[in-house]
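Down below is the structure, laid out as structure tokens.
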Amino acid sequence: MDLLALADFNLVARHGGFGKAARAAGRPKATLSRRVAELEASLDLRLFERGARTLKLTQEGRALFERTGQLLTELEETSAAIASGGHSPRGRLRISAPLLFSQTAMGKLAAGFARKYPEVRLEVTAEDRPVDMIEEAYDLVIRVNPQSDAGLVGRVFLHDRQVVVAGPDLARPSDLEPVPAVVRGAINQTETWELITPAGASSVAVKPVLGLSSLLMVRDAARMGVGAARLPLSLVSPDLAAGRLVRWGDVEGPETALWALYPTRRLLSARVSAFLDYLREAFPRGTPEELAAYVG
811 MDLLALADFN
821 LVARHGGFGK
831 AARAAGRPKA
841 TLSRRVAELE
851 ASLDLRLFER
861 GARTLKLTQE
871 GRALFERTGQ
881 LLTELEETSA
891 AIASGGHSPR
901 GRLRISAPLL
911 FSQTAMGKLA
921 AGFARKYPEV
931 RLEVTAEDRP
941 VDMIEEAYDL
951 VIRVNPQSDA
961 GLVGRVFLHD
971 RQVVVAGPDL
981 ARPSDLEPVP
991 AVVRGAINQT
1001 ETWELITPAG
1011 ASSVAVKPVL
1021 GLSSLLMVRD
1031 AARMGVGAAR
1041 LPLSLVSPDL
1051 AAGRLVRWGD
1061 VEGPETALWA
1071 LYPTRRLLSA
1081 RVSAFLDYLR
1091 EAFPRGTPEE
1101 LAAYVG
């Protein structure tokens, strides 16, 4: 495959037309059109649907663009770094991060990273859904307790754990009578929360009375005394210290781990390596209290 023709194809696909691509690159429109036609002929595929005033990628063209766009960008950035005589991070860095971590910590992290590495164009998307890093062209994803994936590698940079908290005026019952609870998601029937306390294991029967889509909303409702809630310790540490919430115990089960992941099939770029180092500098111990202090 002709890499120059492939680069011209990506240029046209990125700008959505031959004219726009030609103006952006300072290249003749006819040259770009010829190079793309040669690439289509060599592949025996139509990469664009050409209309009178529109140009759209075919299914095969979109697949080629998604697979090769990031690789060509990395080649260009590597060449630029070598030509400049250094390996300072530069170029676009796309990160997908969980909603809660993004809302509480990612803004501060991103701003500090941007100050330290002004030649990196950092883009952060907050989302809890699983993403396909290759297809969606992410360089790094941050995930909570991710499932094993042979295509990804990474490291844990933070630990957290779930605790049950309630307002100071909501007394924990001594019998099996359920207490009101604020939950994330839909309201279900009465359920039981298994806790670990200084006195040992115990159970609390709860009746969800309020269902909210965000853990920040759940915390704020618990502060108002509406009901007990299961929340990350890092999110409620300031409230526990100030007496706005009372800790009933830790939720039974393993701790929560936040992972920074990247594809095994890609070389670790200077941008990704710099961000991983920045996370380690921000959270050297990786404890819930450290995250709470950073956010606070």
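When you read off a place in the sequence shown, starting at 1, and then add 810, the result is the number in my numbering.
The beta-carbon is built from N, C-alpha and C at its ideal position, and this holds for glycine as well.
query                                                                                                                             : result
Span separating the alpha-carbon of LEU853 from that of LEU867                                                                    : 15 Å
The region 927-947 touching the region 900-913, judged by at least three CB pairs closer than 8 Å                                 : yes
Where ALA947 falls: helix, strand or coil (DSSP)                                                                                  : coil
Interface flag, LEU1068 vs chain C, CB-CB below 8 Å                                                                               : Within the model displayed, chain C is absent; a lone protein chain is all it includes.
Residue(s) in a DSSP beta bridge with VAL1061                                                                                     : LEU1005
Integer-rounded CB distance, given that ARG1029 should sit under 8 Å from ALA1015                                                 : Incorrect: roughly 22 Å between the Cβ atoms, too far for contact.
Alpha-carbon spacing of SER841 relative to ASP812, whole angstroms                                                                : Note that residue 841 is Thr in the sequence shown, not Ser. So the two alpha carbons sit approximately 15 Å from each other.
Alpha helix (DSSP H) segment containing ALA840, residue limits                                                                    : 839-853
Cutoff 7 Å; reference ASP938; Cβ partners in own chain excluding five residues on either side                                     : PRO908 and LEU909
C-alpha gap between THR1007 and VAL993, whole angstroms                                                                           : 21 Å
Per-residue DSSP class, three states only, for ALA1068                                                                            : As written in the sequence, residue 1068 is Leu, which differs from the Ala given in the question. Residue state, collapsed to three classes: strand.
Unbroken alpha helix (DSSP H) run spanning ASP942, endpoints                                                                      : Premise fails: ASP942 is in no alpha helix (DSSP H) and is neither H nor E.
Contacts around THR878, its chain only, beta-carbon distance under 7 Å, and the 5 residues preceding and following it disregarded : LEU816 and ASN820
Same chain, Cβ closer than 8 Å to VAL941, neighbours up to 5 away in sequence not counted                                         : SER906, TYR948 and VAL951
Residue(s) in a DSSP beta bridge with GLY901                                                                                      : VAL930
Residues near LEU980 by beta carbon distance below 6 Å, same chain, minus five either side                                        : GLY1035
Residue(s) in a DSSP beta bridge with SER906                                                                                      : THR935 and VAL951
Environment of LEU1136 [buried if 16+ CB atoms lie within 10 Å]                                                                   : In the structure as shown, the chain starts at 811 and stops at 1106, and residue 1136 therefore has no counterpart that could be examined.
Bridge partners - HIS969, DSSP secondary structure assignment                                                                     : ALA1067
At least 3 beta-carbon pairs within less than 8 Å: the region 954-961 vs the region 1058-1067                                     : yes
Sheet register partners of PRO990 (DSSP bridge)                                                                                   : LYS1017
Where ARG877 falls: helix, strand or coil (DSSP)                                                                                  : helix
Collapsed DSSP secondary structure at ARG860 in the structure displayed                                                           : strand
Cβ-based neighbour list, LEU967, same chain, cut-off 7 Å, excluding 5 preceding and 5 following                                   : The question names Leu, yet the displayed sequence has Phe at residue 967. Excluding residues within five positions, the ones whose Cβ falls inside 7 Å are LEU1068, ALA1070, LEU1089, ARG1090, PHE1093 and GLY1096.
TRP1058 and VAL963 closer than 8 Å at C-beta                                                                                      : no
PRO1105 versus THR1000: straight-line alpha-carbon distance, rounded                                                              : According to the sequence as given, residue 1105 is Val; it is not Pro. In a straight line, the C-alpha of VAL1105 is about 34 Å away from that of THR1000.
Residue nearest to PHE1085 in terms of C-alpha spacing, selected from GLY827, TYR927, VAL1046 and GLY977                          : TYR927
8 Å contact criterion, which ALA1031 and LEU1055 should meet: CB distance rounded                                                 : With 8 Å as the limit, ALA1031 and LEU1055 do not qualify as a contact, their Cβ atoms being about 11 Å apart.
Which residues DSSP lists as bridging SER1012, in chain order                                                                     : LEU1005
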